[in-house]
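Chains as they are written, first to last, in the numbering used here: chain A, 1 to 236; chain B, 1001 to 1371. Worksheet for the structure shown next.
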């Protein structure tokens, strides 16, 4: 006989419910409803995109940096808002692991050397956000948005002294739909200025063409990046 | 629905529709690894050796004919055949061969209660398959057998379906055979020089040079005599001999052959099993300078001459016997290199002589030391 799943509320839903319950208590008192937010920080790949072994969707991406600019407009009660965002992310390609994988495969067959670049992402997106709890001028903001991201795949080359050039992947561009979701902790310094710490998840699935292989083909990479930023918010 | 909503949905649909399902490759083309691998699924506890393969393995499958005494429980050697499917992965970088027993009707006619060794299939049917106007609709199967006492070279004609042409049972290549042992015949198409090729191309307005057309051009521009190499002990030990047929006649139908011992390839020890693909001859010899027992050697044909034989080195040879090497030329562009199949009685096999495969260096080049 099949066991019935326990009737529990998923943790995220529970948190959302609690936050929604306390929302009315946190109507903000600031006068200005528009804000410009600038931030910068680390970009950390995760999931398959960060895998650094020869498996199906490995991205060999390693930690890089990102810059982000956001224009925000809040509603009358300053709880809900919409935003337009532009951001740039650079991720290093894990050259050391890439080389190690080839060395593992070719073992005693010649000496390997690899040439790699880095991943570039230029995004433009729009979304909405919700201001939640405020404690001592510090508030938590949830945000989510969608947009388009221009992705650039790095040039890759692997050369073996015995076999010659064993792999080349040319640099290629692709524009794809992307999505972001995150949480932001903002502390207001005065009526116009705030500082914030944010954590965002970014996802995108660009297609790239590989023209160098015998069978020219298109492949996709499941890009997954965490953005951990600090920044300034200016209300106006 | 609002316009913005429609645009968003359309974007999502387009994004999904244009996404592909392929992977980023870590090899531009497949490579047969240099590691020597036992053909475990082909080998038996008896002796399995003396293989032959196709002269052009299109795609990723080829048929493998070899001698084995498994079917007679060790009494005599017969030919057996497997279809081999190459499984290569350019993402995870792996290489494997899946052999599958495959009934080759031709072999039922050839196999006897005596020994059959050294199979060799000619490439005439390659032209049949790849050419609009076939030069020939039959292939030739050469082999050696002791069915008449000593080991002699035989041939038979077969059709594209792999059956012996009716009324043409295996016959002796009488102009080659003597009272001594002869075996392991292989043809050597004398390739025209680059200058001859260019002149022929200009004369015939043949501008395309795909792999198949190149074969045809070479054949059309080549000399009208046929040349083969074989092994014989007519001079005491086993040596490598060259035979040239009469003009416009094939080896097996030439009444008189010009036969000469190839001194550069022969030694005072036993030199056997020559097998030629393109400009490379591989053979086995127990001459000095090897790793012990019979070793595999190779020689490159340049400007009408064979180079001094070189040992394949300890990566392939061992102190045990390595025997009957054959080159399987894999499709250029799909594979970076060719495959070498040979047999050995080294420890770790399934018993007796086993078949092994390994990757050779780039086409037309060989580097035994791997440096």
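Beta carbons: idealized from backbone N, C-alpha and C, even for Gly. Quick caveat: nothing in here was measured; it's all calculated off a predicted structure.
The Cβ atoms of residue 60 (chain A) and residue 97 (chain A) sit closer than 8 Å to each other. With respect to the 8 Å criterion, residue 1039 (chain B) and residue 1067 (chain B) are not classified as neighbours on the basis of their beta carbons. Taking all protein chains shown into account, residue 231 (chain A) has 16 or more neighbouring C-beta atoms within 10 Å of its C-beta and is therefore buried.
When the Cα atoms are used, residue 144 (chain A) and residue 43 (chain A) turn out to be separated by approximately 18 Å. Pairing residue 1317 (chain B) with residue 1295 (chain B) gives a Cβ-Cβ distance under 8 Å. Residue 115 (chain A) has a beta carbon lying at 8 Å or more from every beta carbon in chain B.
In this structure, residue 1076 (chain B) sits away from residue 1043 (chain B), with a CB-CB distance that is not shorter than 8 Å. Sequence-distant Cβ neighbours of residue 1290 (chain B) in its own chain, meaning closer than 7 Å and more than five residues away, are 1311, 1317. For residue 217 (chain A), the C-beta contacts it makes with chain B under 7 Å involve 1022, in order along the chain. Comparing alpha-carbon positions, the option among B:1083, B:1078, B:1093 lying closest to residue 1108 (chain B) turns out to be B:1078. DSSP assignment within the region 29-113 of chain A yields the following whole alpha helix (DSSP H) runs of 4 residues or more, N-terminal first: 95-106.
For residue 135 (chain A), the number of other beta carbons within 10 angstroms of its own is below 16, and it is reported as exposed. Taken atom to atom, the span from the alpha-carbon of residue 1347 (chain B) to that of residue 1354 (chain B) is near 10 Å. Distance from the Cα of residue 75 (chain A) is smallest, within the candidate group A:203, A:68, A:196, A:131, for A:131. If you look at residue 188 (chain A), you'll find it in the beta strand (DSSP E) that goes 172-188. Ranked by Cα distance from residue 1325 (chain B), the options B:1030, B:1036, B:1110 are led by B:1036. In the DSSP annotation of this structure, residue 1107 (chain B) is not part of any beta strand (DSSP E); the continuous alpha helix (DSSP H) holding it starts and ends at 1105-1110. For the 8 Å CB-CB criterion, residue 1237 (chain B) and residue 1270 (chain B) form a contact. Under the three-state reduction of DSSP, residue 1251 (chain B) is assigned to helix.
Annotated three-state conformation of residue 1086 (chain B) is strand, per DSSP.
For a Cβ distance threshold of 8 Å, residue set 54, 55, 56 of chain A lies close to residue 1091 (chain B), ordered along the chain. The residue among B:1024, B:1031, B:1053 with its C-alpha nearest the C-alpha of residue 1342 (chain B) is B:1053. For a Cβ distance threshold of 7 Å, nothing in chain B lies close to residue 48 (chain A): the least Cβ distance comes to about 11 Å. Residue 1151 (chain B) sits in a strand when the DSSP states are folded into three classes.
As computed with DSSP, residue 131 (chain A) is found in a beta bridge with A:141. Distance from the Cα of residue 1323 (chain B) is smallest, within the candidate group B:1274, B:1336, B:1361, for B:1274. Bridge pairing for residue 1272 (chain B): B:1284 [DSSP].
The beta carbon of residue 152 (chain A) is closer than 6 Å to those of 120, 173 in its chain, skipping five residues each way along the sequence. Counting of Cβ neighbours within 10 angstroms places residue 198 (chain A) among the buried residues, the total reaching 16 or more. In this structure, residue 1063 (chain B) and residue 1102 (chain B) form a Cβ contact; the two beta carbons are roughly 6 Å apart against a cut-off of 8 Å.
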